[in-house]
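Colleague: Handing you a structure now.
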Amino acid sequence: MADLSIDFAGIKSPNPFWLASAPPANTGEQVMRAFDAGWGGAVWKTLGDPIVNVSSRFGAVDYAGQKVMGFNNIELITDRSLETNLREIREVKRRYPKHAIIASLMTETKEDWRVLIQRCEDAGVDGLELNFGCPHGMCERGMGSSVGQEPKLLQEITAWTKEFAKTPVLVKLTPNIGDILDPGIAAVRGGADGLSLINTIKSIIGVDLDRLIPEPRVGTASTNGGYCGPAVKPIALHMVASLAREPEVTIPISGIGGISNWRDAAEFIALGSTSVQVCTAVMHYGFRIVEDMIDGLNNYLDEHGMKSVRELVGRAIVGYREWGELDLGYQIVAKVDAAKCIGCQLCVAACHDGAHQCIFTGPNDQQRPPHAHFPGTASAPRPQVIGALAGDRVPWVDEPECVGCNLCALVCPVPGCITMQETSGETGDNWNRRVQEGRDKVPGGIHE
Ligand SMILES: Cc1cc2nc3c(=O)[nH]c(=O)nc-3n(C[C@H](O)[C@H](O)[C@H](O)COP(=O)(O)O)c2cc1C
Ligand code: SF4
Ligand code: SF4
1 MADLSIDFAG IKSPNPFWLA SAPPANTGEQ VMRAFDAGWG GAVWKTLGDP IVNVSSRFGA
61 VDYAGQKVMG FNNIELITDR SLETNLREIR EVKRRYPKHA IIASLMTETK EDWRVLIQRC
121 EDAGVDGLEL NFGCPHGMCE RGMGSSVGQE PKLLQEITAW TKEFAKTPVL VKLTPNIGDI
181 LDPGIAAVRG GADGLSLINT IKSIIGVDLD RLIPEPRVGT ASTNGGYCGP AVKPIALHMV
241 ASLAREPEVT IPISGIGGIS NWRDAAEFIA LGSTSVQVCT AVMHYGFRIV EDMIDGLNNY
301 LDEHGMKSVR ELVGRAIVGY REWGELDLGY QIVAKVDAAK CIGCQLCVAA CHDGAHQCIF
361 TGPNDQQRPP HAHFPGTASA PRPQVIGALA GDRVPWVDEP ECVGCNLCAL VCPVPGCITM
421 QETSGETGDN WNRRVQEGRD KVPGGIHE
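For the sequence shown, our numbering gives the first residue as 1, with consecutive numbering after it.
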């Protein structure tokens with residue numbers, strides 16, 4: 001079994017799995033049940049001056065039978081008194097000294113930050129997370145993402161907190177910004193010990209078409225909220241990776257956004273996260289999802305010969321390049337396994353209407369390759385393919401015309417039926433090199 005323990009800027013945790021600052025980390029009772037289930041740490045629901053919430057406050061997008069593909073909320077920070085939260089933090093820390101407890105904080109003036117930090121550290125937290133990410137409600141009051149969107153202000157407030165803090169300071173970033181490097185680097189320059197991202201994405205989850213009111217509805221109106229859950233994972237992965245490969249970012253990253261299972265977590269770790277945080281998946285399925293996360297990550301590390309999760313951190317960063325560095329000679333083509341095909345024709349529709357018109361079915365003359373209508377451009381003799389399940393509805397690929405876009409394999413409902421196979425390996429040719437060598441003109445341009 002691999003060693004899952006981590007040291008995040010001095011915050012020790014038995015594993016990289018932390019509850020994100022959100023409803024699952026709202027009370028001591030919840031956090032203790034989470035630790036019993038296996039979570040290594042918790043970022044407490046954001047502390048500050050308690051707020052008043054509205055009812056309702058959550059919305060979700062379901063997709064193709066899958067509930068809660070995306071989740072949206074208009075909730076604010078904690079609605080419980082600071083005194084109550086700190087009493088519970090002290091008690092949880094006493095009972096679970098080896099687990100990580102991080103206080104998420106949001107307040108306004110320098111003096112408020114000083115007092116809040118001191119009171120949290122007196123309660124025994126292992127670290128602090130500055131919530132510069134909340135994109136609704138609090139930003140209208142000059143906090144949350146209104147700080148995260150102003151790198152200079154973010155840097156200044158981070159520096160204030162570093163004057164006062166004895167424990168590590170993590171800065172939680174908003175994705176509602178043009179380039180995540182701007183606030184990320186500002187946090188580093190402000191002295192942050194770590195970064196957490198992403199907070200939620202500004203959104204309207206949908207519209208009640210009978211009442212003609214956006215959702216989630218509060219009486220006769222709604223407001224924009226924060227989007228999270230599985231749908232945001234690709235956005236979060238990109239932002240985490242962008243920071244992880246930035247030379248000025250030398251501090252650890254806590255990856256957040258759509259993590260639901262060990263695989264998601266491993267991807268965030270491979271792209272530079274030292275710890276990962278989870279909110280929506282716990283709200284959907286409960287604390288016990290961490291059992292699969294721990295087992296799955298352990299098995300993965302064992303299978304790949306890694307003795308510690310620390311060996312995985314950032315391992316995929318080297319494979320994340322600019323487009324101009326990608327090899328222009330590398331080529332793959334689609335191959336159909338006739339024995340697996342069920343003849344649904346989804347790949348044919350996709351390739352003809354959404355890709356490169358080079359996948360065809362059967363001997364029917366009306367389904368001739370479109371390029372065959374242009375004399376001299378037909379590129380491949382047409383085989384007749386008969387499959388075990390689909391008969392002559394098995395498609396075949398005109399390989400010289402296939403650009404290897406993956407679309408047919410992505411839409412095919414049968415696992416392993418369409419595979420993409422390499423026909424040419426890397427050649428060393430890429431766009432940046434062509435520009436350097438003056439070979440960047442492609443025939444057929446505007447002035448020809
Ligand atoms: C209902 C709800 C309340 C949240 N409250 C907070 C909060 O108080 N402080 C904070 O930093 N982030 C808050 N978040 C954002 C989460 O911590 C997390 O960054 C975001 O949900 C993305 O992770 P996920 O895709 O696993 O949900 C909240 C999210 C939700 C859904
Ligand atoms: S990989 Fe793209 S171009 Fe090639 S057959 Fe599939 S959909 Fe068509
Ligand atoms: S290859 Fe896949 S998508 Fe295409 S017809 Fe067969 S089962 Fe359908």
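All C-beta atoms in this analysis are idealised placements derived from N, C-alpha and C, irrespective of residue type, glycine included.
Please identify the residue among G272, A236, G258 whose C-alpha is closest to the C-alpha of I251.
Modeller: Position 251 of the sequence shown, counted from the first residue, corresponds to residue 251. Measuring from the Cα of I251, the nearest candidate turns out to be G272.
Colleague: If you drop the 5 nearest sequence neighbours on each side, which residues of the same chain put their C-beta closer than 6 angstroms to that of L301?
Modeller: Against the sequence shown, residue 301 aligns to sequence position 301. Same-chain partners within the cutoff: A2.
Colleague: To the nearest angstrom, report how far apart N131 and D208 are at their CA atoms.
Modeller: One-based indexing of the sequence shown puts residue 131 at position 131. One-based indexing of the sequence shown puts residue 208 at position 208. Rounded to whole angstroms, N131 to D208 spans 31 angstroms at the Cα level.
Colleague: Quick check on DSSP: helix, strand or coil for V450?
Modeller: The chain is shown only over 1 to 448; residue 450 falls outside these bounds and no answer can be derived.
Colleague: Can you look up F374 in the DSSP assignment and give me helix, strand or coil?
Modeller: As a first step, residue 374 is located in the sequence shown; it is residue number 374 there, counting from the start. Confidence is the limiting factor: at F374 the pLDDT is only 48, short of 50, which leaves the residue's position unreliable and the question unanswerable from this model.
Colleague: Have a look at the DSSP bridge pairing and note the partners of S273.
Modeller: Your numbering for residue 273 matches position 273 in the sequence shown. DSSP lists I253 as partners of S273.
Colleague: Throw me the rounded Cβ distance for the V147 and I157 pair, which I believe falls under 8 angstroms.
Modeller: The count along the sequence shown starts at 1 and reaches residue 147 at position 147. The count along the sequence shown starts at 1 and reaches residue 157 at position 157. Right, the Cβ-Cβ distance comes to about 6 angstroms (below 8 angstroms), so this counts as a contact.
Colleague: Is G416 near ligand 2 - that is, is its Cβ less than 7 angstroms away from at least one heavy atom of it?
Modeller: Translated into the one-based positions of the sequence shown, residue 416 becomes position 416. False, no ligand heavy atom lies under 7 angstroms from that Cβ.
Colleague: Could you tell me whether the Cβ atoms of G258 and V276 are closer together than 8 angstroms?
Modeller: Against the sequence shown, residue 258 aligns to sequence position 258. Against the sequence shown, residue 276 aligns to sequence position 276. No. Outside cutoff.
Colleague: Would the C-beta of P97 count as close to ligand 3, meaning under 7 angstroms from any of its heavy atoms?
Modeller: Position 97 of the sequence shown, counted from the first residue, corresponds to residue 97. Every heavy atom of ligand 3 is 7 angstroms or more from the Cβ of P97, so no.
Colleague: Could you check where the beta strand (DSSP E) with S196 kicks off and where it finishes?
Modeller: Locating residue 196 in the sequence shown gives position 196, counting from the first residue. Counting along the chain, the beta strand (DSSP E) containing S196 begins and ends at 194-197.
Colleague: Based on the DSSP secondary-structure assignment, which residues constitute the bridge partners of I235?
Modeller: For the purposes of this step, residue 235 is taken as the residue at position 235 of the sequence shown. I235 pairs with nothing; no bridge assigned.
Colleague: With G258 as the anchor, note down where its alpha helix (DSSP H) starts and where it stops.
Modeller: As a first step, residue 258 is located in the sequence shown; it is residue number 258 there, counting from the start. Careful: G258 lies outside any alpha helix (DSSP H) and carries neither H nor E.
Colleague: Taking only the alpha-carbon atoms, compute the straight-line gap between L195 and A187 and give it to the nearest angstrom.
Modeller: Counting from one through the sequence shown, the residue named residue 195 turns up at place 195. Counting from one through the sequence shown, the residue named residue 187 turns up at place 187. Going from the Cα of L195 to the Cα of A187 covers about 8 angstroms.
Colleague: For a test of the three-state rule: what should DSSP assign to I74, helix, strand or coil?
Modeller: By one-based count along the sequence shown, residue 74 stands at place 74. Coil at I74, not helix or strand.
Colleague: Which stretch, first to last residue, makes up the beta strand (DSSP E) that contains S203?
Modeller: Position 203 of the sequence shown, counting from 1, holds the residue named residue 203. Unbroken beta strand (DSSP E) run through S203: 201-203.
Colleague: According to DSSP, is L153 part of a helix, a strand, or is it coil?
Modeller: The residue you call residue 153 lines up with position 153 of the sequence shown. Three-state DSSP puts L153 in a helix.
Colleague: Under 7 angstroms Cβ to Cβ from N364, same chain only, skipping five residues before and after it: list those, please.
Modeller: Start at 1 with the first residue of the sequence shown, and residue 364 comes out as number 364. Because N364 sits at a pLDDT of 46, beneath the cut-off of 50, its placement in the model cannot be relied upon, and the following sentence gives the value as read from the coordinates. Within the same chain, N364 has no close Cβ partners at all.
Colleague: Please classify P395: is it buried, with 16 or more other beta-carbons within 10 angstroms of its beta-carbon, or exposed?
Modeller: The sequence position of residue 395 within the sequence shown is 395, counting from 1. Buried, because 16 or more other Cβ atoms sit within 10 Å of the Cβ of P395.
Colleague: In the DSSP assignment, find the unbroken beta strand (DSSP E) run with R6 in it and report its ends.
Modeller: For the purposes of this step, residue 6 is identified with residue 6 of the sequence shown, where counting begins at 1. It is Ile, not Arg, that sits at residue 6 in the sequence shown. 6-8 is the extent of the beta strand (DSSP E) around I6.
Colleague: Looking only at DSSP bridge pairs, what is E399 linked to?
Modeller: As a working mapping, residue 399 is identified with position 399 in the sequence shown. Answer is none; E399 lacks a bridge partner.
Colleague: Between which two residues does the alpha helix (DSSP H) holding G191 run?
Modeller: Within the sequence shown, residue 191 is the residue found at index 191, counting from 1. Segment: none, G191 is in no alpha helix (DSSP H) and carries neither H nor E.
Colleague: Given a cut-off of 8 angstroms, decide if L243 and L181 are closer than it, judged by their beta-carbon atoms.
Modeller: Here residue 181 corresponds to residue number 181 of the sequence shown, with the count starting at 1. Here residue 243 corresponds to residue number 243 of the sequence shown, with the count starting at 1. Yes, these two residues count as a Cβ contact at 8 angstroms.
Colleague: Using beta-carbon positions only, say whether E129 and I102 come within less than 8 angstroms of one another.
Modeller: For the purposes of this step, residue 129 is identified with residue 129 of the sequence shown, where counting begins at 1. For the purposes of this step, residue 102 is identified with residue 102 of the sequence shown, where counting begins at 1. In contact: E129 and I102 (Cβ atoms closer than 8 angstroms).
Colleague: Is the region 404-411 touching the region 348-356 in the sense that three or more CB pairs, one from each, lie closer than 8 angstroms?
Modeller: Touching, yes.
Colleague: If distances are taken between C-alpha atoms only, which option among G286, I253, G324 comes closest to G314?
Modeller: Indexing the sequence shown from 1 puts residue 314 at position 314. Looking at the Cα atoms, I253 is the closest of the given residues.
Colleague: Per DSSP, which one or two residues make a beta bridge with G225?
Modeller: Sequence index remark: in the sequence shown, residue 225 carries index 225 (1-based). Per DSSP, S203.
Colleague: What alpha helix (DSSP H) runs, 4 residues minimum, are completely inside the region 5-44?
Modeller: Fully enclosed alpha helix (DSSP H) runs of 4 or longer: 28-37.
Colleague: Using the C-alpha atoms, what's the distance from K307 back to I294?
Modeller: Here residue 294 is taken as the residue at index 294 of the sequence shown, counted from 1. Here residue 307 is taken as the residue at index 307 of the sequence shown, counted from 1. So the two alpha carbons sit approximately 14 angstroms from each other.
Colleague: Compare the C-alpha of T109 against each of T78, D126, G142 and name the closest.
Modeller: Position 109 of the sequence shown, counting from 1, holds the residue named residue 109. Nearest of T78, D126, G142 to T109, Cα basis: G142.
Colleague: Apart from the five residues just before and just after I269, which ones in its own chain have a Cβ nearer than 6 angstroms to its Cβ?
Modeller: The residue given as residue 269 occupies position 269 in the sequence shown. Cβ within range, chain order: L312, V313.
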